[in-house]
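**Student:** Following our numbering, the numbering of the sequence shown begins with 302 at its first residue and continues without gaps.
Got a structure for you, questions after.
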Amino acid sequence: DSSSSSARSEWRRCARPLAAALIDLSCCRITPRAVRLERELLPHMKSIVEHAAFDPTAARNGTFALLAATHGRVCITTGDFKLAAASLELATNAFEKLVATTMTTTATATLVEKYVEALGDFGNAVGACGDQERKKRLLKRALTITTNSASSLDARTRLVGVITGDLANACGELGDVRKQHRLLEQVVRITRNQHGTNSPQYAAAVASFGSACADVGDVQHAREILLEAVEVFRKCFGRECFVCAPAMTNLGAVERDVGNLFKSRELLVRALAMSERHFGENSVMLAPSLEQLCITICAQVDHTKTTFNRTTKSTKIDELIALQLARRAVEIKREAYSGGADVESNQHQHHQHHLMSSALTALGRAQMTNGEIAA
302 DSSSSSARSE WRRCARPLAA ALIDLSCCRI TPRAVRLERE LLPHMKSIVE
352 HAAFDPTAAR NGTFALLAAT HGRVCITTGD FKLAAASLEL ATNAFEKLVA
402 TTMTTTATAT LVEKYVEALG DFGNAVGACG DQERKKRLLK RALTITTNSA
452 SSLDARTRLV GVITGDLANA CGELGDVRKQ HRLLEQVVRI TRNQHGTNSP
502 QYAAAVASFG SACADVGDVQ HAREILLEAV EVFRKCFGRE CFVCAPAMTN
552 LGAVERDVGN LFKSRELLVR ALAMSERHFG ENSVMLAPSL EQLCITICAQ
602 VDHTKTTFNR TTKSTKIDEL IALQLARRAV EIKREAYSGG ADVESNQHQH
652 HQHHLMSSAL TALGRAQMTN GEIAA
């Protein structure tokens, strides 16, 4: 029909050249410039993916699959996990068909690498939406495909490291923190050998391992590791880049656990500011910093009350700040994770409750500090 014809014409005129640029960008190592470009192009990417669907050539040569995968990956970095999951499901289905119909070994190996990367991103997106079991299944499938692929040893090792790290985090979300710790220790070794100790990949692996150390109770070791991760991120991206924020948030939580409340608050305030500058004030990516900052402020208030046996004007202000932070985290998560299912199944409600739990815990802590609920 005329609308389809118009869409095909639009794809040929402007979307195809931009698609090529996006695919080239997705193959680059992560850099601040690449992150900025992806963010600027994001508003156009959804329509480009839709236009590519009208082009049979794009389906045959993998352009559509690569575009959908790139769009999904960028949506993950901006915190739109539902849209990311939808786009990455399209990408993985398209890659699966391409792998099945491509005859040459070299082409198949390249496609398999892209397919595995898309599967890993798809797993992370559905995990961020609350379905950790499905994330685990997708990542195990990606790991099996990688192990049996005809890709080079370097490519297989790199993919195994990335997928194992994501699989470890899924295990942690499902409560198996010992297995998470063991897998992430392997990832650190793989990443160190692949990329060296001054790369963003190494920093990300070390940051995840540091958090796992904290989860198993080794907070002093976690502190040392997270300090290293933050320093490497700063060398790679600068002191105030949002990429540092998750590691700084985890480091802030660990500093609180070892009793350094003022250092914890300083780190968490900075992490929150970095995330706000990059993602905006209503992004779900702010929630971890909001929750941890709330808990740290509550700990400071409780410490002051216990030490001086009285409530000061500054502690009253801090009580209100903590309550506002927790309520903001709850509202942001509720907005991000509400709906998304045609039927409100028990499983969907369970996923939503799991996603909200840390924000609700922070809110309960703030209400208890404020005296709104009993200890």
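Idealized CB from N, CA, C, for every residue including glycine.
1) Apart from the five residues just before and just after D516, which ones in its own chain have a Cβ nearer than 8 Å to its Cβ?
2) With burial defined as no fewer than 16 other Cβ atoms inside 10 Å of the residue's Cβ, what is the status of T465: buried or exposed?
3) Within 10 Å of its beta-carbon, does G421 have 16 or more other beta-carbons around it, so buried, or fewer, so exposed?
4) Looking at the structure shown, is T498 part of a helix, part of a strand, or coil, going by DSSP?
5) Taking its Cβ as the centre, do 16 or more other Cβ atoms sit within 10 Å of S512, making it buried, or is it exposed?
6) Could you have a look at L475 and say whether DSSP puts it in helix, strand or coil?
7) If you count every other CB in all the chains shown that lies within 10 Å of the CB of A369, and 16 or more means buried, which is it?
8) Assuming F580 contacts L587 under a Cβ cut-off of 8 Å, what Cβ separation, rounded to an integer in Å, is found between them?
9) Using a Cβ-Cβ cutoff of less than 8 Å, which residues in the same chain neighbour R557 once the five nearest sequence positions on both sides are dropped?
10) Excluding sequence positions up to five away, which residues of its chain have a Cβ less than 7 Å from the Cβ of C328?
11) Pick from V559, V544, T605 and F563: whose alpha carbon is nearest that of S576?
12) Tell me the rounded alpha-carbon separation between T527 and L485.
13) Could you have a look at C328 and say whether DSSP puts it in helix, strand or coil?
14) Would you kindly work out how many angstroms separate the C-alpha atoms of S584 and K383, rounded to a whole number?
15) What is the DSSP secondary structure of N583, counted as helix, strand or coil?
16) Taking I622 as the reference, which of S639, T607, E636 and L591 has the closest Cα?
17) Write down the C-beta distance between E620 and V602 rounded to the nearest angstrom, noting that I regard them as a contact closer than 8 Å.
18) Between the beta-carbon of F243 and the beta-carbon of L389, is there less than 8 Å?
19) Assuming I377 and N425 are in contact, meaning their beta carbons sit under 8 Å apart, how far apart are those beta carbons, in whole angstroms?
20) Helix, strand or coil: how does DSSP classify G641 here?
21) Taking the Cβ atom as the reference point for each residue, do A667 and A627 lie within a distance shorter than 8 Å?
22) In the structure shown, what three-state DSSP assignment does C430 receive?
23) On the criterion of 16 or more Cβ atoms from any shown chain inside 10 Å, does L454 qualify as buried, or is it exposed?
24) Are T613 and T605 close, meaning C-beta to C-beta below 8 Å?
25) By alpha-carbon positions, which one of C537, C430, L475 and N494 ends up nearest to Y456?
26) Would you kindly check if the distance between the Cβ of L460 and the Cβ of V488 is under 8 Å?
27) Work out the CA separation of G518 and T411 for me, nearest whole Å.
28) Assign I618 to one of two classes, buried (16 or more other C-beta atoms within 10 Å of its C-beta) or exposed (fewer than that).
29) Measure the beta-carbon distance from A395 to G373 and round it to whole angstroms, keeping in mind my assumption that it falls under 8 Å.
30) Where does T409 land, buried or exposed, given buried means 16+ other C-beta within 10 angstroms?
**Tutor:** According to the data block:
1) The residue labelled residue 516 in the question sits at position 215 within the sequence shown. Result list for D516: G473, V478, Q481 and H482, in chain order.
2) Mapped onto the sequence shown, residue 465 falls at position 164. Buried: at least 16 other Cβ atoms inside 10 Å.
3) Taking the sequence shown and counting its residues from 1, the one referred to as residue 421 is at position 120. By the neighbour-count rule (16 or more Cβ atoms within 10 Å), G421 is buried.
4) For this step, residue 498 is matched to residue 197 along the sequence shown. T498 falls in the coil class under three-state DSSP.
5) Position 211 of the sequence shown holds residue 512. By the 10 Å Cβ count, S512 comes out buried.
6) Walking along the sequence shown from the start, residue 475 turns up at place 174. Correct three-state label for L475: coil.
7) As a first step, residue 369 must be located in the sequence shown, where it is residue number 68. Buried: at least 16 other Cβ atoms inside 10 Å.
8) Residue mapping note: residue 580 aligns to position 279 of the sequence shown, counting from 1. Residue mapping note: residue 587 aligns to position 286 of the sequence shown, counting from 1. Confirmed, about 6 Å.
9) Residue 557 sits at position 256 when you count from the first residue of the sequence shown. Within the same chain, R557 has close Cβ partners S565, Q593, I596, T597 and A600.
10) The count along the sequence shown starts at 1 and reaches residue 328 at position 27. Bear in mind that the predicted position of C328 carries a pLDDT of just 49, short of 50, making it unreliable; the figure below should be weighed with that in mind. None.
11) One-based indexing of the sequence shown puts residue 576 at position 275. Selected option, being the one with the closest Cα: V544.
12) As a first step, residue 527 is located in the sequence shown; it is residue number 226 there, counting from the start. As a first step, residue 485 is located in the sequence shown; it is residue number 184 there, counting from the start. Note on identity: in this sequence residue 527 is Leu, with Thr being the wrong assignment. Going by the C-alpha atoms only, they are around 14 Å apart.
13) Taking the first residue of the sequence shown as 1, we reach residue 328 at position 27. Model confidence at C328 stands at a pLDDT of 49, short of 50, so the residue's coordinates are unreliable and nothing is read from them.
14) Here residue 584 corresponds to residue number 283 of the sequence shown, with the count starting at 1. Here residue 383 corresponds to residue number 82 of the sequence shown, with the count starting at 1. Each residue's alpha carbon lies about 13 Å from the other.
15) Position 282 of the sequence shown, counted from the start, is the residue given in the question as residue 583. Correct three-state label for N583: coil.
16) Counted from its first residue, the sequence shown places residue 622 at position 321. Of S639, T607, E636 and L591, the residue nearest in Cα terms is L591.
17) Numbered from its first residue, the sequence shown carries residue 620 at position 319. Numbered from its first residue, the sequence shown carries residue 602 at position 301. About 6 Å; that satisfies the 8 Å criterion.
18) For the chain, the structure presents residues 302 to 676; residue 243 sits outside this window and is missing.
19) For the purposes of this step, residue 377 is identified with residue 76 of the sequence shown, where counting begins at 1. For the purposes of this step, residue 425 is identified with residue 124 of the sequence shown, where counting begins at 1. About 6 Å; that satisfies the 8 Å criterion.
20) The residue given as residue 641 occupies position 340 in the sequence shown. Low per-residue confidence applies at G641: pLDDT is 45, beneath 50, and the placement is therefore not dependable, though the value from the model is reported in the following sentence. Three-state DSSP puts G641 in coil, outside helix and strand.
21) Residue 667 sits at position 366 when you count from the first residue of the sequence shown. Residue 627 sits at position 326 when you count from the first residue of the sequence shown. Closer than 8 Å, so yes.
22) Start at 1 with the first residue of the sequence shown, and residue 430 comes out as number 129. Three-state DSSP puts C430 in coil, outside helix and strand.
23) Position 153 of the sequence shown, counted from the start, is the residue given in the question as residue 454. L454 comes out exposed.
24) Residue 613 sits at position 312 when you count from the first residue of the sequence shown. Residue 605 sits at position 304 when you count from the first residue of the sequence shown. Yes; because the gap between Cβ atoms is below 8 Å, this pair is in contact.
25) One-based indexing of the sequence shown puts residue 456 at position 155. For clarity, residue 456 is Ala in the given sequence; the question names Tyr instead. Checking every option, the nearest Cα to that of A456 belongs to N494.
26) As a working mapping, residue 488 is identified with position 187 in the sequence shown. As a working mapping, residue 460 is identified with position 159 in the sequence shown. No, Cβ-Cβ distance for V488 and L460 is not below 8 Å.
27) By 1-based counting over the sequence shown, the position of residue 411 is 110. By 1-based counting over the sequence shown, the position of residue 518 is 217. Taking the straight line joining both Cα atoms gives about 41 Å.
28) To locate residue 618, count along the sequence shown from 1; it is residue 317. By the 10 Å Cβ count, I618 comes out exposed.
29) As a first step, residue 395 is located in the sequence shown; it is residue number 94 there, counting from the start. As a first step, residue 373 is located in the sequence shown; it is residue number 72 there, counting from the start. Actually they are not in contact, since the Cβ atoms of A395 and G373 sit about 12 Å apart, beyond 8 Å.
30) Within the sequence shown, numbered from 1, the residue matching residue 409 stands at position 108. Buried, since its Cβ has 16 or more Cβ neighbours within 10 Å.
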